[in-house]
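The structure appears right after this line, and notes come after that.
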Amino acid sequence: MALKNQNPTKTNAWKSLQELYQGIKNTDMKKLFMQDSERLEKYSLKHDDLSLNFSKNRISDDVLKSLVALAKEVDLQDGIDKMFAGDIINETENRAVLHTALRNKSGNAVMFEGENVMVEVNETLQKMKVFSEKVISGKHKGYSGKAITDVVNIGIGGSDLGPRMVVDALQYYKNHLKTHFVSNIDGDHVAEIIKELDPETTLFVIVSKTFTTQETLTNAETIKKWFLSKGATQNDIQHNFVAVSTNLSKVVAFGIAEDNIFTMWDWVGGRYSLWSAVGLSISLALGFDNFDQLLTGAYEMDEHFKTTSFDENIPVTLALISIWYNNFFETESEVVIPYSQYLTQFVPYLQQGSMESNGKSVDRDGNPVDYQTGNIIWGNTGTNVQHAFMQLVHQGTKLIPVDFIGFKESLYGNEDHHNKLMSNFYAQSEALYLGKAKEEVHLELKTAGQQDKISKLLPFKVFEGNKPSNSFLMDKLTPKNLGKLIATYEHKTFVQGYIWNIFSFDQFGVELGKELAKKFLA
Ligand code: F6P
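Here's what the structure looks like:
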């Protein structure tokens, strides 16, 4: 069944939120903390070792109640249930949205069009496991009989960003295989990658759900030509090329043996596909057990999302707070700052997940919306960003809600570095919240013996404060925790799109540019 169709701005909860906004928009969060000694505890949620502190937001109990009431009034639970049940909620493409089946560890069937999709899902996972183990152990040889040393993922968008992010984020758990990613149609990208490679010992994984994407096919053809020019024959392709796709006939026409094709399904959206065989390069780089742990983490978050009441539900809370700023404070963007160098690729990944999903301006009835939808997502890793864009977040004219992500332990155990890193993690959210009042700046300059400069410097050194942030904290970066974190943001995106009454699972907006590029090429 289709998703319900209702304009969120016409709900009673929306009206209450508008009134509450007038009362709270300029309230100093320090006052809210003073009024409620349990605020931190009350405005924190936990799921195993993942905790979310959302106390530093311009929200009150009444705001939270009305946000939850909004979710209930539009019957979010119905939307969640329909997604997990495989209903055709991607109506514009006439597809189900079942990425959660890819990590379904319950042992229960997931039915779609009368078939239990778990049969094929598990078969594909098994095929990935067997193949990964053969490549990692050296049993699978390249065409000249040598073991594989390098893996190249050829794909773009969801067929690149997810695997690239996970392999980079979990490099600590990596094996000896070197993993490379080619995505851009810029010939210099592929040239830079192949110049280092030995065709005899490189495995090419062509990842394209449609197998029609210009960038991926152009890169794959270039690589095939290079491979054949190095002494390999057409028959050797079966040893060094595999593909992940729904389009079997096109893959075969490219020259890849049927046995070397890992299937995926129409009901997996590109940007939600790293859990499928699209994650083959993850399984190759980290070993299948780590890939499986990633799936387990996501599954655990799925269960939390599906079964937890909205007021204690981590993805729902994140989505509601985001809607609160986007639609009432009229903030345009959100910044995500992981305090882990490993998560450098996390924001580019989230950008596709969120912006390709919710960058829509027509509601589920096909009418233009008269309210804001998708946020601009941006960010990078702390502490690097403190020396780059944080100035604007602290003292600029725009209100920019922040998500901080941190880990209690580092992976290599360097305590000195980690204490310094995490003191910055805590300090940034505190600085945004507290700000620095005139009186403080005055005293500071006086104490520093700069009395003569007070009148000139004071306005520049004042921080307004009262800037919102959420903070995620986990014990350490493990495959399981990463799976949980990714699933959290996936579900946040779903809840936002559901409440905004848009279709989050199509991406027609990327088509026009593709069509025009073809015309320019001609
Ligand atoms: O950018 C548009 C898009 O369709 C994405 O949604 C998708 O992840 C990407 O292109 C790649 O598509 P494919 O896997 O079919 O090559």
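Using UniProt numbering, you'd call the opening residue of the sequence shown number 1 and step up by one each time.
In this text, a Cβ means the ideal position worked out from N, Cα and C, and glycines have one as well.
All values reported here derive from a predicted model rather than from experimental measurement.
Check your understanding: In chain order, what residues of the same chain have a beta carbon less than 7 angstroms from the beta carbon of L32, not counting five sequence neighbours either side?
Key -> R39, S60
Practice item. Measuring only between beta-carbons, confirm whether E41 sits less than 9 angstroms from chain D. Key: Absent from the structure: chain D. Only one protein chain is present.
Review point. Since T179 and A277 are thought to touch, with beta carbons under 8 angstroms apart, how far apart are those beta carbons, to the nearest angstrom?
Key: Going by Cβ atoms, the distance from T179 to A277 rounds to 16 angstroms, so no, they are not a contact pair.
Check your understanding: What's the gap between the Cα of G406 and the Cα of L20?
Key -> 32 angstroms
Review point. From K408 to P348, what distance separates their C-alpha atoms?
Key: 24 angstroms
Review point. Under 9 angstroms, do K360 and I499 count as touching if we go by C-beta distance?
Key: no
Check your understanding: So S144 is in the alpha helix (DSSP H); what residue range does that whole segment cover?
Key -> No alpha helix (DSSP H) holds S144; DSSP gives it neither H nor E.
Exercise for review: Identify which residue in S354, G269, N419, K230 has its Cα closest to the Cα of N94.
Suggested key: G269
Review point. Who are the Cβ neighbours of K134 in its own chain at under 8 angstroms, not counting the five residues just before and after it?
Key: H140
Check your understanding: From L52 to D452, what distance separates their C-alpha atoms?
Key -> 45 angstroms
Exercise for review: Report the option in T201, H189, H239 whose CA atom is closest to the CA atom of E215.
Suggested key: H189
Point to revise | Every unbroken beta strand (DSSP E) inside the region 159-236 [3 residues or more] | key: 178-182, 202-207
Review point. Comparing alpha-carbon positions, which option in E200, L170, N219 lies nearest E192?
Key: N219
Practice item. Pull up the distance between the alpha-carbon of I148 and that of G138, whole angstroms please. Key: 6 angstroms
Review point. Is there at least one non-hydrogen atom of the ligand F6P closer than 8 angstroms to the beta-carbon of Q507?
Key: yes
Review point. Hey, out of D266, L294, H387, whose CA is closest to A169's CA?
Key: L294
**Study point:** Whole-angstrom distance between E490 and G353, CA atom to CA atom
**Key:** 7 angstroms
Review point. For E334, which residues does DSSP report across the bridge?
Key: I377
Practice item. Assign residue 525 to one of two classes, buried (16 or more other C-beta atoms within 10 Å of its C-beta) or exposed (fewer than that). Key: Because the chain is modelled from 1 through 522, residue 525 falls outside the range shown and cannot be assessed.
Point to revise | Segments assigned beta strand (DSSP E), at least 3 residues, entirely inside the region 14-102 | key: 44-47, 50-53
**Study point:** Bridge partners - M111, DSSP secondary structure assignment
**Key:** N116
Check your understanding: Which residue from N481, L421, G374, L411 puts its Cα closest to that of F494?
Key -> G374
Review point. Are the region 297-310 and the region 194-202 touching by the rule of at least three beta carbon pairs closer than 8 angstroms?
Key: no
Check your understanding: Buried or exposed: K467, going by 16 or more other Cβ atoms within 10 Å of its Cβ?
Key -> buried
Review point. Helix, strand or coil: how does DSSP classify L343 here?
Key: helix
Review point. Which first and last residues belong to the alpha helix (DSSP H) in which W481 is found?
Key: Sequence inspection shows Asn at residue 481; the Trp mentioned does not correspond to that position. Where N481 is concerned, the enclosing alpha helix (DSSP H) stretches over 479-499.
**Study point:** Other residues of its chain near Y325: CB distance less than 6 angstroms, five sequence neighbours each side excluded
**Key:** T331, P401
**Study point:** Helix, strand or coil at A243 [DSSP, three-state]
**Key:** strand
**Study point:** Closest by C-alpha distance to V167, when choosing among M29, A101, E511, G483
**Key:** G483
Check your understanding: Can you tell me the Cα-Cα spacing of V130 and V242, whole angstroms?
Key -> 14 angstroms
Point to revise | C-alpha distance - L70 paired with D266, whole-angstrom precision | key: 32 angstroms
Check your understanding: Sorted by chain position, which residues of the same chain lie with C-beta nearer than 6 angstroms to F505's C-beta, five sequence neighbours on each side aside?
Key -> N90, V97, G269
Check your understanding: Counting Cβ pairs closer than 8 angstroms, one from the region 441-448 and one from the region 469-488, do we hit at least three?
Key -> no
Check your understanding: Alpha carbon to alpha carbon, how far is Q341 from T488?
Key -> 20 angstroms
Practice item. State yes or no: is the C-beta of L399 within less than 9 angstroms of the C-beta of K30? Key: no
Practice item. State the DSSP-derived secondary structure class of L445, mapped to helix, strand or coil. Key: helix
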